[in-house]
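Residue numbers (the numbering used here), protein chains in the order written: chain A, 6 to 198; chain B, 6 to 198.
Where a beta carbon is used, it is the ideal one built from N, C-alpha and C, also for glycine.
To start, the structure itself, in structure tokens.
Protein chains: 2
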Amino acid sequence: MKEKSEKYSAILEGAGAVFARLGFHKATISQIAQEAGVADGTIYLYFKNKDDILYQYIQFKTTSFFEKMRSAVDATEGAEEKLRNLIRCHLKEFQNDRNMAIIFQSEVRYLRNIALQVKDISKWYLDFLTEIIELGQMEGHLRQDLFIGLVKRFVLGAVEGIINTWVAAEGKYDLTAMADPLVDLYLGGIRKR
Amino acid sequence: MKEKSEKYSAILEGAGAVFARLGFHKATISQIAQEAGVADGTIYLYFKNKDDILYQYIQFKTTSFFEKMRSAVDATEGAEEKLRNLIRCHLKEFQNDRNMAIIFQSEVRYLRNIALQVKDISKWYLDFLTEIIELGQMEGHLRQDLFIGLVKRFVLGAVEGIINTWVAAEGKYDLTAMADPLVDLYLGGIRKR
DNA sequence: AATGCATATGAATATAAATTCATTTAAAGT
DNA sequence: ACTTTAAATGAATTTATATTCATATGCATT
């Protein structure tokens, strides 16, 4: 069972397609096998069981997602620009991999087997946001009286909401175009001044 | 099969408890029956099948939720106060019925069988927000240059994010206390001025 | 108390799909 | 060409649980 064989990846991507189309529970091993172009039994040479396929899928996708987010943020100076890049990168990656977007938005929260994995992902993201917000406060560009625990959920919740709508709309419009207007809302709010 | 018998309600609430604890797919009819204090077969006198239990659960809960939201908003004048009441009411109702909160946040988006039902719920909520935002613009208290399609998702996404955190934290703190700080973020944003 | 009707029971059935494994195919080494 | 090892197959097995249904219980009417 070598980790990075062609078949390993084919099964992962095949599973991604089937999970996105039918949801984890309605997806069958046979369908995944067919999508990946292998026999049912072959899957068990590479994965412990059905749950493990999803686990590895998430693991694989998040690792690469986090790396990209980190470099997008590090590529620039100042909290506001870092925040913009974070959101731009987030939306771009989800737009580029719609199966992943569907699985993360619709399946992941739901499945208890992977609850811990999800907690880690959220935590990573929220800690990242904290870092940026605190930087902005040090720079003097963000309010000092922010309840950071609330702000970071506010930020992540809103991006996810935007992505959910895009997914529900079958990806018919450009998701990345939402990034800057969204950040403007975070920063300035909706009240007239 | 009379609709509002004791057993009908007992099964619905029992199902709510089991769905919240184990998730829809891992929940078995036997467990729901036990929780409701009836025999397995009895459930089929009141519901077509397992999916129908969830469908009716959601229908029942949203109807009552929407009524409460509507009167909370109608009870006051001015967009800002209406928005505050909307969010307060939303958080209060979810805090008061944690099973419902779990099912709505974790299960509902996921289940394809009820996708239409969910679209209706979202639409109802988003239209409601549009109404309030447009009122605020007419009053001159909200910015004129808002992209409403984005703003309403921004608002709903953030509330849902707050609720998700609360659910994940096993409801250990007071959710309703988040309402006003959250609305302040919507209105004023995080940028220092 | 006997009859009929509605409601409830839970063991038996049916079904679907995850997982296994005996067999086949391909590849590598000598 | 022959042997050994590894990888792949897919039909057969196992398991789990949603759903059915023959039977029972309770309740009202006469």
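CB contact below 8 Å: residue i versus chain B
{"i": "R196 of chain A", "result": "yes"}
{"i": "D179 of chain A", "result": "no"}
{"i": "G166 of chain A", "result": "yes"}
{"i": "R103 of chain A", "result": "no"}
{"i": "E86 of chain A", "result": "no"}
CB contact check: residue i to chain A, cutoff 8 Å
{"i": "H95 of chain B", "result": "no"}
{"i": "M74 of chain B", "result": "no"}
{"i": "A184 of chain B", "result": "no"}
{"i": "Y62 of chain B", "result": "no"}
{"i": "L50 of chain B", "result": "no"}
{"i": "F24 of chain B", "result": "no"}
{"i": "E8 of chain B", "result": "At E8 of chain B, the pLDDT of 47 sits below 50, so the modelled position is not reliable; the number obtained from the coordinates is stated separately. No, no contact with chain A."}
{"i": "K12 of chain B", "result": "no"}
Under 9 Å by beta carbon: chain A residues contacting residue i
{"i": "R148 of chain B", "result": "G193, G194, I195, R196, K197 and R198"}
{"i": "G83 of chain B", "result": "Ordered by position in chain A, no residue passes the 9 Å Cβ test against G83 of chain B, which lies about 13 Å from the chain."}
Proximal residues of chain B, C-beta to C-beta of residue i below 7 Å
{"i": "T170 of chain A", "result": "R158"}
{"i": "G145 of chain A", "result": "K197"}
Cβ pair residue i, residue j closer than 8 Å
{"i": "G162 of chain A", "j": "E165 of chain B", "result": "yes"}
{"i": "G141 of chain A", "j": "Y191 of chain B", "result": "no"}
{"i": "I48 of chain A", "j": "A32 of chain A", "result": "no"}
{"i": "V78 of chain A", "j": "K87 of chain A", "result": "yes"}
{"i": "I119 of chain B", "j": "L27 of chain B", "result": "no"}
{"i": "R196 of chain A", "j": "H146 of chain B", "result": "yes"}
{"i": "E112 of chain A", "j": "F52 of chain A", "result": "no"}
{"i": "I167 of chain B", "j": "R158 of chain A", "result": "yes"}
{"i": "T181 of chain A", "j": "Q100 of chain A", "result": "yes"}
{"i": "A15 of chain A", "j": "V43 of chain A", "result": "yes"}
{"i": "R89 of chain B", "j": "V188 of chain B", "result": "yes"}
Residues that residue i bridges to, as DSSP identifies them
{"i": "R103 of chain A", "result": "R103 of chain A is not bridged to any residue."}
{"i": "L147 of chain A", "result": "B:R196"}
Alpha helix (DSSP H) segment containing residue i, residue limits
{"i": "D179 of chain A", "result": "Here D179 of chain A belongs to no alpha helix (DSSP H), and DSSP marks it neither H nor E."}
{"i": "A22 of chain A", "result": "E11 to L27"}
{"i": "I153 of chain B", "result": "I153 to A173"}
{"i": "T47 of chain A", "result": "D45 to Y51"}
{"i": "A41 of chain A", "result": "I34 to A41"}
{"i": "L59 of chain A", "result": "K55 to D79"}
Neighbour list for residue i in chain B, Cβ cutoff strictly below 8 Å
{"i": "E40 of chain A", "result": "Result: empty, since nearest Cβ-Cβ is about 18 Å, beyond 8 Å."}
{"i": "G28 of chain A", "result": "Y115, L116 and R117"}
{"i": "E112 of chain A", "result": "Y115"}
Residues that residue i contacts on chain A, provided the C-beta gap is smaller than 8 Å
{"i": "K124 of chain B", "result": "A173"}
{"i": "F152 of chain B", "result": "P186"}
{"i": "G162 of chain B", "result": "G162, A163, V164, E165, G166, I167 and N169"}
{"i": "L59 of chain B", "result": "Under the 8 Å cutoff, chain A gives no residues; its nearest Cβ is about 13 Å from L59 of chain B."}
{"i": "L91 of chain B", "result": "Within chain A, no residue comes near L91 of chain B; the closest Cβ sits about 14 Å away, beyond 8 Å."}
{"i": "L155 of chain B", "result": "I167, M183, P186, L187 and L190"}
Neighbouring residues, chain B, relative to residue i (Cβ below 9 Å)
{"i": "L134 of chain A", "result": "The premise fails here: L134 of chain A is roughly 11 Å from chain B at the closest Cβ pair, so nothing lies under 9 Å."}
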